[in-house]
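What follows is one structure encoded as structure tokens, with my remarks underneath.
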Amino acid sequence: MLAEPKLSHTAAMILEAIHAGYIYGFSVMEVTGLPSGTVYPALRRLERDGLIRSEWERQSVADRALRPARKYYKLTRSGKAALEAAHKRYPLLAGLIPVLEVEKA
Amino acid sequence: MQLAILHAASWLVPRHERPEWFAEWSSELWYVEEAASCQATAFCLGAFRDALWLRRNALPNPAQTRDLGSPYHSIVLLALVAAAAVFCALRWPPPPLPPGVSPGDILGLHLMLAMMAFVVLCGVNSVGLGEYPANPYAPGGLARLGRWAFFAVKSALLVLIVIVGSVHLGALGSGTVFTYFVAFRWAISDQRKRCPVCLHRLVRPIRIGEASHTFLSWYGTEFICAKGHGLLHVPEIPTSCYSTQEWLYLPSWSGLFSNG
Numbered sequence: 061m062l063a064e065p066k067l068s069h070t071a072a073m074i075l076e077a078i079h080a081g082y083i084y085g086f087s088v089m090e091v092t093g094l095p096s097g098t099v100y101p102a103l104r105r106l107e108r109d110g111l112i113r114s115e116w117e118r119q120s121v122a123d124r125a126l127r128p129a130r131k132y133y134k135l136t137r138s139g140k141a142a143l144e145a146a147h148k149r150y151p152l153l154a155g156l157i158p159v160l161e162v163e164k165a
Numbered sequence: 014m015q016l017a018i019l020h021a022a023s024w025l026v027p028r029h030e031r032p033e034w035f036a037e038w039s040s041e042l043w044y045v046e047e048a049a050s051c052q053a054t055a056f057c058l059g060a061f062r063d064a065l066w067l068r069r070n071a072l073p074n075p076a077q078t079r080d081l082g083s084p085y086h087s088i089v090l091l092a093l094v095a096a097a098a099v100f101c102a103l104r105w106p107p108p109p110l111p112p113g114v115s116p117g118d119i120l121g122l123h124l125m126l127a128m129m130a131f132v133v134l135c136g137v138n139s140v141g142l143g144e145y146p147a148n149p150y151a152p153g154g155l156a157r158l159g160r161w162a163f164f165a166v167k168s169a170l171l172v173l174i175v176i177v178g179s180v181h182l183g184a185l186g187s188g189t190v191f192t193y194f195v196a197f198r199w200a201i202s203d204q205r206k207r208c209p210v211c212l213h214r215l216v217r218p219i220r221i222g223e224a225s226h227t228f229l230s231w232y233g234t235e236f237i238c239a240k241g242h243g244l245l246h247v248p249e250i251p252t253s254c255y256s257t258q259e260w261l262y263l264p265s266w267s268g269l270f271s272n273g
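Line order of the protein sequences matches chains S and R. The first sequence runs 61 to 165 under the numbering used here. The second sequence runs 14 to 273 under the numbering used here.
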């Protein structure tokens with residue numbers, strides 16, 4: 061296993077989006093402009109590789125807001141390290157995704 | 014309409030991951046419909062790609078693989094299926110043979126079809142069982158004989174099931190060749206994923222390496238024998254260094270797996 065996994069541009073963009081606060085699949089799609097058939101398999105691959113982890117929103121919170129519960133993604137420590145390495149590899153990456161002010165909007 | 018697409022795609026997802034997969038996609042669909050309902054169908058079509066990815070990459074469900082894990086269970090299960098096929102053939106007799114055709118002719122025809130299927134299999138797939146290096150830790154002649162005997166019994170039971178099934182259904186031809194093809198392919202694939210010492214199914218597949226790092230490195234899946242007899246390296250892409258799957262005997266590990 062490599063110490064610093066080399067991410068594809070798509071995977072790096074998705075990691076950057078999650079880091080910027082776009083923490084569920086559809087918001088990642090919207091901010092990156094990638095189709096659902098790319099984003100969701102990439103999320104699974106990143107989770108399998110231990111770069112992100114997922115967590116379901118509490119049902120009570122979703123019920124209060126009258127909407128279905130959604131699955132949130134968060135960077136792990138390895139994910140943050142991989143993103144830092146990706147910033148060196150893709151210097152323009154950080155400017156691609158605007159930082160979201162309020163999470164779980 | 015969109016939910017129907019998600020339901021259709023969910024059939025591609027391994028069963029044990031299906032409920033969570035469907036929950037996530039249907040939840041996301043709700044938000045897509047809120048934000049841009051015209052994009053909902055395009056969004057749902059992406060579910061097929063996600064489902065296919067899961068189907069290809071999901072680890073096998075231990076509850077499903079346990080049944081065929083032991084060589085005895087495999088043989089007993091195949092024997093039960095063969096017995097059921099024979100029972101059905103005796104209970105509901107097959108259509109009479111055409112005039113001038115004897116049961117011996119049918120068996121000869123099946124032999125020819127089975128050979129044809131095997132030739133096709135050799136053409137489109139590798140039929141090697143992998144590399145089992147000869148070293149002091151390799152099992153003796155009796156264990157090797159047992160491995161081949163298991164393969165022979167398994168194949169014979171499969172052939173019996175195909176013969177009885179096709180004679181009973183009165184179907185001889187390309188369908189039978191295809192059935193033999195599938196049966197032989199399964200028999201070889203099952204044999205490759207078994208420990209050469211205890212013949213149990215190998216467990217805990219782990220992916221090693223990266224597709225972009227195959228030069229002087231290794232990229233593939235590693236399986237382990239639950240009883241600690243060794244490791245199986247299966248290359249994802251055959252290279253000059255790792256052209257086929259290779260078994261690594263680990264006799265010193267057996268003590269660690271004494272309860273396995």
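Where is the CB? At the ideal position from N, CA and C, for every residue including glycine. All figures in this text were calculated on a predicted structure; none of them were measured in a lab.
Query	Result
Same chain, Cβ closer than 8 Å to I112 of chain S, neighbours up to 5 away in sequence not counted	L75, I78, L103, L106, Y133, K134, L135, T136 and G139
Endpoints, the beta strand (DSSP E) within which V247 of chain R is located	G243 to P248
Length of the line joining the Cα atoms of D63 of chain R and S120 of chain S	28 Å
Euclidean distance between Cα positions of A80 of chain S and G153 of chain R	60 Å
Exposed unless 16 or more other CB atoms sit within 10 angstroms - verdict on Y85 of chain R	exposed
Cβ-Cβ separation, L42 of chain R to F56 of chain R (assumed contact under 8 Å), whole Å	7 Å
Under 8 Å (Cβ pairs) to chain R, residues found in the region 126 to 160 of chain S	R127, P128, A129, R130 and K131
DSSP bridge partner residues for F236 of chain R (one or two, in chain order)	R:L245
Below-7 Å beta-carbon distance, Y255 of chain R vs any chain S residue	no
For I112 of chain S: DSSP bridge partner residues	S:L135
Contact between the region 134 to 141 of chain R and the region 237 to 249 of chain R (3+ Cβ pairs under 8 Å)	no
Cβ neighbour criterion (16 or more within 10 Å) applied to C208 of chain R	buried
N- and C-terminal bounds of the beta strand (DSSP E) containing R217 of chain R	V216 to I221
Member of R:C51, R:A98 and R:S39 whose CA lies at the smallest distance from the CA of K131 of chain S	R:S39
Spatially closest choice to P218 of chain R from R:G243, R:L124 and R:F236, by CA coordinates	R:F236
Listed by chain order, chain S residues near R28 of chain R by CB distance under 7 Å	Going along chain S, no residue has its Cβ under 7 Å from R28 of chain R, so there is no contact; the nearest lies around 17 Å.
Under 7 Å between C-beta atoms of V94 of chain R and V177 of chain R	no
R68 of chain R, DSSP secondary structure in three states	helix
L67 of chain S vs A146 of chain S beta-carbon contact at 7 Å	yes
Reference E47 of chain R; option with closest CA among S:F86, S:L156, S:A154 and S:W116	S:F86
Through-space distance from M129 of chain R to V114 of chain R, alpha-carbon basis	21 Å
Neighbour-count burial assignment, R160 of chain R, 16 or more Cβ in a 10 Å radius	buried
Chain-ordered neighbours of Y100 of chain S on chain R, where CB pairs are closer than 7 Å	G59 and D63
Boundaries (first-last residue) of the alpha helix (DSSP H) holding V166 of chain S	The structure shown does not extend to residue 166 of chain S, since chain S is modelled only from 61 to 165, so the question has no answer here.
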